[in-house]
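Before any comments, here is the structure.
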Amino acid sequence: MTALSRLEGLPDWPARMTAPVAAAYMGISQNTFLTRFGAVGVKEGGNTLWARAQLDRIIADQFNLSSPAVAVGGDDAYAAWKAQRGK
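Take 101 as the starting number for the sequence shown in my numbering and just add one per residue.
Here it is, written out as C-alpha coordinates:
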(Lines of atoms letter the chains of each structure in order from A; the text may use other names.)
(Lines give C-alpha, C1' and ligand atoms only; values in the text may rest on other atoms or scores of the structure.)
Protein backbone atom coordinates (compact mmCIF):
# COMPACT_ATOMS: atom_id res chain seq x y z
CA MET A 101 0.00 0.00 0.00
CA THR A 102 1.41 3.39 -0.99
CA ALA A 103 1.35 6.52 1.15
CA LEU A 104 -1.13 8.13 -1.23
CA SER A 105 -3.48 5.15 -1.20
CA ARG A 106 -3.61 5.32 2.62
CA LEU A 107 -4.98 8.87 2.29
CA GLU A 108 -8.21 7.50 0.84
CA GLY A 109 -9.20 6.20 4.29
CA LEU A 110 -8.49 9.47 6.10
CA PRO A 111 -11.06 12.23 6.64
CA ASP A 112 -8.51 14.99 5.96
CA TRP A 113 -4.85 15.50 5.11
CA PRO A 114 -2.58 14.36 7.97
CA ALA A 115 -0.87 16.94 10.18
CA ARG A 116 2.54 15.43 9.33
CA MET A 117 3.35 14.19 5.84
CA THR A 118 6.09 12.24 4.08
CA ALA A 119 7.44 13.58 0.79
CA PRO A 120 4.98 11.76 -1.53
CA VAL A 121 1.97 12.93 0.48
CA ALA A 122 3.30 16.48 0.95
CA ALA A 123 4.02 16.75 -2.78
CA ALA A 124 0.46 15.67 -3.58
CA TYR A 125 -0.85 18.21 -1.05
CA MET A 126 1.16 20.95 -2.77
CA GLY A 127 0.03 19.79 -6.23
CA ILE A 128 3.54 19.19 -7.58
CA SER A 129 5.71 16.15 -8.33
CA GLN A 130 7.73 14.61 -5.54
CA ASN A 131 10.98 15.54 -7.31
CA THR A 132 9.90 19.18 -7.60
CA PHE A 133 8.72 19.18 -3.99
CA LEU A 134 12.03 17.85 -2.70
CA THR A 135 13.99 20.34 -4.82
CA ARG A 136 11.99 23.30 -3.53
CA PHE A 137 11.16 22.26 0.05
CA GLY A 138 13.45 19.36 0.95
CA ALA A 139 15.55 21.51 3.26
CA VAL A 140 12.58 22.50 5.45
CA GLY A 141 11.58 18.95 6.32
CA VAL A 142 12.23 17.59 9.82
CA LYS A 143 14.06 14.29 10.28
CA GLU A 144 12.42 11.82 12.64
CA GLY A 145 14.13 8.47 12.74
CA GLY A 146 14.45 7.29 9.15
CA ASN A 147 11.71 9.62 7.90
CA THR A 148 11.64 13.24 6.83
CA LEU A 149 8.32 14.91 7.58
CA TRP A 150 6.60 18.17 6.68
CA ALA A 151 3.81 19.73 8.74
CA ARG A 152 0.56 20.61 7.00
CA ALA A 153 0.57 23.95 8.85
CA GLN A 154 4.08 24.62 7.52
CA LEU A 155 2.97 23.86 3.96
CA ASP A 156 -0.11 26.06 4.42
CA ARG A 157 2.16 28.97 5.44
CA ILE A 158 4.32 28.40 2.34
CA ILE A 159 1.19 28.48 0.15
CA ALA A 160 -0.11 31.61 1.92
CA ASP A 161 3.21 33.37 1.39
CA GLN A 162 3.34 32.30 -2.26
CA PHE A 163 -0.10 33.79 -2.96
CA ASN A 164 0.37 36.80 -0.66
CA LEU A 165 -2.44 35.68 1.64
CA SER A 166 -2.61 36.21 5.37
CA SER A 167 -0.90 33.22 6.97
CA PRO A 168 -3.23 30.65 8.58
CA ALA A 169 -2.98 29.78 12.28
CA VAL A 170 -0.84 26.79 13.12
CA ALA A 171 -3.17 25.34 15.75
CA VAL A 172 -5.95 26.33 18.06
CA GLY A 173 -4.44 29.34 19.71
CA GLY A 174 -2.45 30.31 16.62
CA ASP A 175 1.28 30.71 16.14
CA ASP A 176 1.79 31.87 19.74
CA ALA A 177 0.87 28.42 21.11
CA TYR A 178 3.32 26.80 18.72
CA ALA A 179 6.07 29.27 19.63
CA ALA A 180 5.48 28.58 23.33
CA TRP A 181 5.65 24.83 22.79
CA LYS A 182 8.83 25.17 20.74
CA ALA A 183 10.45 27.40 23.39
CA GLN A 184 9.51 24.90 26.10
CA ARG A 185 11.32 22.17 24.18
CA GLY A 186 14.41 24.38 24.00
CA LYS A 187 14.56 24.66 20.21
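Even for Gly, the Cβ is constructed at its ideal location relative to N, Cα and C.
- When secondary structure is reduced to three states using DSSP, residue 183 falls in the helix class.
- Residue 148 and residue 118 have their C-alpha atoms roughly 6 Å apart.
- Here the segment 128-135 makes no contact with the segment 158-168; the two share fewer than three CB pairs at distances below 8 Å.
- For residue 149, the three-state secondary structure derived from DSSP is strand.
- For the segment 116-140, the continuous alpha helix (DSSP H) assignments of 4+ residues that do not extend past its boundaries occur at 119-126, 130-137, in sequence order.
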